[in-house]
Amino acid sequence: MSKVMIVDDMASMRKMVTFTLESEGHEVIEADDGDVALELAKQQSGINLVITDVNMPNMDGITLVAELRKLPAFKFTPILLLTTEGAKEKKMQGKAAGATGWLVKPFDPDKLLATARKVLR
Amino acid sequence: MAIDLEQFKGIFFEESFEGLDAMESGLLEMNEGGTNLETVNTIFRAAHSIKGGSGTFGLGPITSFTHIMEGLLDEMREGKREATPEIINVLLESVDVLRELMTAFQNNEDPDVSHMEDLQKQLAVIRDSDAVSSAEINQDSDSQNSDESDEKETTVEGWNISFHPHEGLLKTGNDPALILRELSELGEITIEVDDSHLPPLPDMDPEACYLSWEIHLKGAIEQDQITEIFEWVEDDCDLELVPIYPARNKSDRRDQDRRVATSDDRRQENRRQEARRPSDKAPSKPATTIRVGTDRIDAIIDMVGELVITQSMLSQLGEDFDMSKLERLRDGLEDLERNSRDLQENIMRIRMQPISFAFNRFPRVVHDLSQKLGKKIRLELVGEETEMDKTVMEKINDPLVHLVRNCLDHGLETPEERIAAGKDDEGYVRLNAFHQGGNIVVEVSDDGRGLSREKILGKAIEKGLVKETDVLTDEAVFMLLFEAGFSTAEQLSDISGRGVGLDVVRRNIESLGGGVEVQSTFGEGSAFTIRLPLTLAVLDGQLFRIGGDTYVLPLASIVESLQIQRDSLGGVAGDAEVYRLREEYIPIVRLSDVFSTGEHLDDLENSLLVVVEWGEKHIGLLVDELLGQQQVVIKSLETNYERVRGISGATILGDGTVSLILDISGLVEISYSIRDALKPRLAAVNGRSLA
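As they're listed, the protein sequences go chains A and B.
For the first sequence, the positions run 1 to 121 when our numbering is used.
For the second sequence, the positions run 1001 to 1691 when our numbering is used.
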């Protein structure tokens, strides 16, 4: 099973994602902004997937993607952005920063799991 | 998979309310001209998070409402729209509406959407007042429509797909192998790899993608099923999709097949929705949560660690104990005592939160009311970081709002009046919180017109609260404001009037074990001081005995304890027994009667009397024996048993026995009703002692 990092400043979203992924047997670590996520990414090993919100205090999701891609361990790790429908500009900025793809909010647990399956080996 | 989202709603509401608070204070900051990008960003982020979360948790009205707000805020953030006071006011109102909606959803009530719909229109008017942005929106939806109509007509037998990734595709974490795997799930697949672009080994960049694929996919697959798989990489590759059409007669049949399949899908979808619906019935209210800094949790974990070490040390000591180890046993027990005390203190701290949570609403209150009243008022908040128990804070909210509204409405003057009185045209309301002893003190003060002794006294006499002949200090006169039914405002205004007086404020504060005082200088302002215990969970108690049982009295309510002198006893006021203490007659409550221990002393000489405060008055409680003083942890009787008059809770003493904590006003009521029942007997007793 995989190790997933969820980054979101909303605890309710984090808990929901964690609960859903854990129910599939994944290991999940949580971070409440980009700064924390980056720190965790440097400390922890074996993260197979990062799911991050875009709008967050301190460090936003797009900056986080760019920073993560600079770390050797995250060169090819799938990183998904949580965006809202129609935020085409954000998606493109995210792609340019190195994001793998996105998950459109609102999403339900099934959609989350389907998207995670898409990028996990 | 059925995952119940209900369990996360509690947290969602909690953080949404926090988000709304942040939006509100940000908007107020902007209103005062403090617009900077970070403020707008914070507001936008809060709206955005609430929108995203509400969608996930199925709170549709909130999603659609925040969507419009978010749009406006986004334009403000990008500098396309100016933050006029008009827009800020509408946004502030929107925050209120969201709070209402959120509260309704939290309590599982149907929200009243009329207010929301009004504002939604106002927001739409503001949004559409800018022609450019609305045109953009229309264009967006147009292009979406045309896309859809293009795709709908296709019925195919299969697809030929050329997938030529750009060299950098891997660097976004996308993997062609995974894409091919996903494609293979759609139907029968044949894949040919083209490795002709592989450079010679020395020139090869191992992180680049040089391969490309020709894919033949068989099946009635719709184009958007395929484009969805390539959605994330569409700019990182050259992609060509060529549909393979079947021969005509086959197509008709398959078309039919497909239609059958779609209606099946629809039925399934219906079933799914029906299955979802029952979860709506009787959902329980989500539990309230508290946010605690991880440092506090870490401290507790630390202490539990120490406690475990002490425990294992003690149990090792106990295994083969002899008197030579007595010293070590003592040390161990001392450690244990320290550990548990530290642990208790730190766990109590979990419930402590900065009073800024309660203060945060006041910028808005003052902003709205000063506009409404035409007054210039500055709000000063001092000691916002002062911590208090969350439960106390929740209960003190309403009294605080009441006092602040009072200051704004009655205390402070209009700019004209102020100038005429030689003051600055802008007045202030100050909220000041600080710790004092074991109490937290909150002062609400203003530099307004102050309290008028004559006016209050006149009103009190008119209401029959005092007599004209009474000689009262200023403090005593001002305290009349807190008497039930007292109101000096000639006309009840809708701001602080609202039919509840300061007596309710006092009662609320006293029910928390606190008190309220007022000081004022006419013409210069007034100050209301609220004093509250730091926490409701622990109490400094005086232990005492009645009959064979031990009881607890809150130490703070005890004035003094004394031995009864026969010549100070009397039966003056009706049937009541009273005790003359200096120049005051104190009613005596016989606790042995209240608790029906069966003992009724006829001669009270040398008995112990504990004098306690009962509101403004004093009451003497007759007890058998005074024991020690100690901190006790309050356990609720209501949650464990039921509410009992005269008892505010229970605690467990060191020796494991349960002891009841007395509630003085309840006791007094009981003792009066007992006295009514015992009247004949008491009369006899009194007759004897007088004889």
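By construction, the Cβ of each residue, glycine as well, lies at the ideal position given by its N, Cα and C atoms.
Per the DSSP calculation, His1618 (chain B) is bridged to which residue(s)? B:Glu1613
From the DSSP output, in three-state form, read off Val54 (chain A) for me. coil
For Asp9 (chain A) and Leu1553 (chain B), I'd like the C-alpha separation in whole angstroms. 46 Å
Whose Cβ in chain A lies nearer than 7 Å to the Cβ of Ile1011 (chain B)? Ala11, Ser12, Lys15
I need the DSSP call for Glu1560 (chain B), collapsed to helix, strand or coil. strand
Is the beta carbon of Gly1541 (chain B) sitting closer than 8 Å to the one on Asp1624 (chain B)? no
Given this structure, state the Cα-to-Cα distance separating Ser1196 (chain B) from Leu1239 (chain B), to the nearest angstrom. 18 Å
Closer than 7 Å by C-beta to Val1594 (chain B): which residues in its own chain qualify, once you throw out the five before and the five after it? Chain order, please. Gly1646, Leu1667, Ile1670, Ser1671, Ile1674
Taking a cut of 7 Å between CB atoms, which residues from the region 1462-1490 of chain B lie near chain A? none
Go ahead and pull the three-state DSSP assignment for His1216 (chain B). strand
State the Cα-Cα distance for the pair Val1095 (chain B) and Leu1072 (chain B), rounded to the nearest angstrom. 14 Å
Run down chain B in chain order and give the residues with a C-beta less than 7 Å from the C-beta of Ile98 (chain A). It is worth fixing the name first, because residue 98 (chain A) is Gly in this sequence and not Ile. In chain order: Lys1171, Thr1172.
Minimum C-alpha distance to Val1156 (chain B) - residue among B:Glu1100, B:Glu1086, B:Tyr1245: B:Tyr1245
At a CB-CB cut-off below 9 Å, which residues of chain A make contact with Thr1056 (chain B)? Ser12, Met13, Met16, Lys105, Pro106, Phe107, Asp108
Return the chain-ordered ranges of every alpha helix (DSSP H) run that is complete within the region 1361-1394 of chain B and spans a minimum of 4 residues. 1362-1373
Closest to His1402 (chain B) by C-alpha separation, out of B:Leu1381, B:Met1030, B:Val1365, B:Gly1383, would be which residue? B:Val1365
What is the rounded straight-line gap between the Cα of Asp110 (chain A) and the Cα of Met1030 (chain B)? 41 Å
What residues from the region 1228-1243 of chain B come within 9 Å of chain A, judged by C-beta to C-beta, listed N to C? Ile1229, Glu1231, Trp1232, Val1233, Asp1235, Asp1236
List the residues of chain B whose Cβ lies closer than 7 Å to the Cβ of Ile79 (chain A), in chain order. Gly1173
Apart from the five residues on each side of it in sequence, which residues of its chain come closer than 6 Å, Cβ to Cβ, to Glu1274 (chain B)? Residue placement at Glu1274 (chain B) cannot be trusted, given a pLDDT of 44 that sits under 50; the coordinates are not used to answer.
Member of B:Gly1427, B:Leu1186, B:Glu1462 whose CA lies at the smallest distance from the CA of Cys1407 (chain B): B:Gly1427
Candidates B:Ser1356, B:Glu1327, B:Ala1124, of which the one nearest Glu1018 (chain B) by Cα: B:Ser1356
Rounded to the nearest angstrom, what separates Glu1070 (chain B) and Val1504 (chain B) at their Cα positions? 41 Å
Counting contacts by CB-CB distance shorter than 8 Å, is Lys3 (chain A) in contact with chain B? no
Quick check: what's the CA-CA separation for Gly1448 (chain B) versus Val1477 (chain B)? 19 Å
State yes or no: is the C-beta of Val1538 (chain B) within less than 8 Å of the C-beta of Phe1528 (chain B)? no
Per DSSP, which one or two residues make a beta bridge with Leu1623 (chain B)? Checking the sequence, you will find Val at residue 1623 (chain B) rather than Leu. According to DSSP, which records beta bridges pairwise, Val1623 (chain B) is partnered with B:Leu1608.
Would you give the residue range spanned by the alpha helix (DSSP H) that Ala37 (chain A) belongs to? 34-43
Partner residues on chain B for Gly101 (chain A), Cβ-Cβ distance less than 9 Å: Thr1172, Gly1173, Asn1174, Glu1231, Trp1232, Val1233
At least 3 beta-carbon pairs within less than 8 Å: the region 1040-1059 of chain B vs the region 94-110 of chain A: yes
Give the DSSP-derived three-state secondary structure of Pro1354 (chain B) in the structure shown. strand
Check whether the region 1382-1396 of chain B and the region 1337-1347 of chain B touch, using three or more Cβ-Cβ pairs below 8 Å as the test. no
In chain order, what residues of the same chain have a beta carbon less than 7 Å from the beta carbon of Thr100 (chain A), not counting five sequence neighbours either side? Pro78, Ile79, Leu80, Val119
What are the residues of the region 1182-1200 of chain B that lie near chain A, defined by any Cβ-Cβ distance shorter than 7 Å? Glu1182
Mind the definition here: the region 61-68 of chain A touches the region 25-42 of chain A only if three or more C-beta pairs lie below 8 Å; say whether that holds. yes
For Leu1123 (chain B) and Val1097 (chain B), believed in contact at Cβ under 8 Å, the rounded distance: Actually they do not touch by this definition, with Cβ atoms about 10 Å apart.
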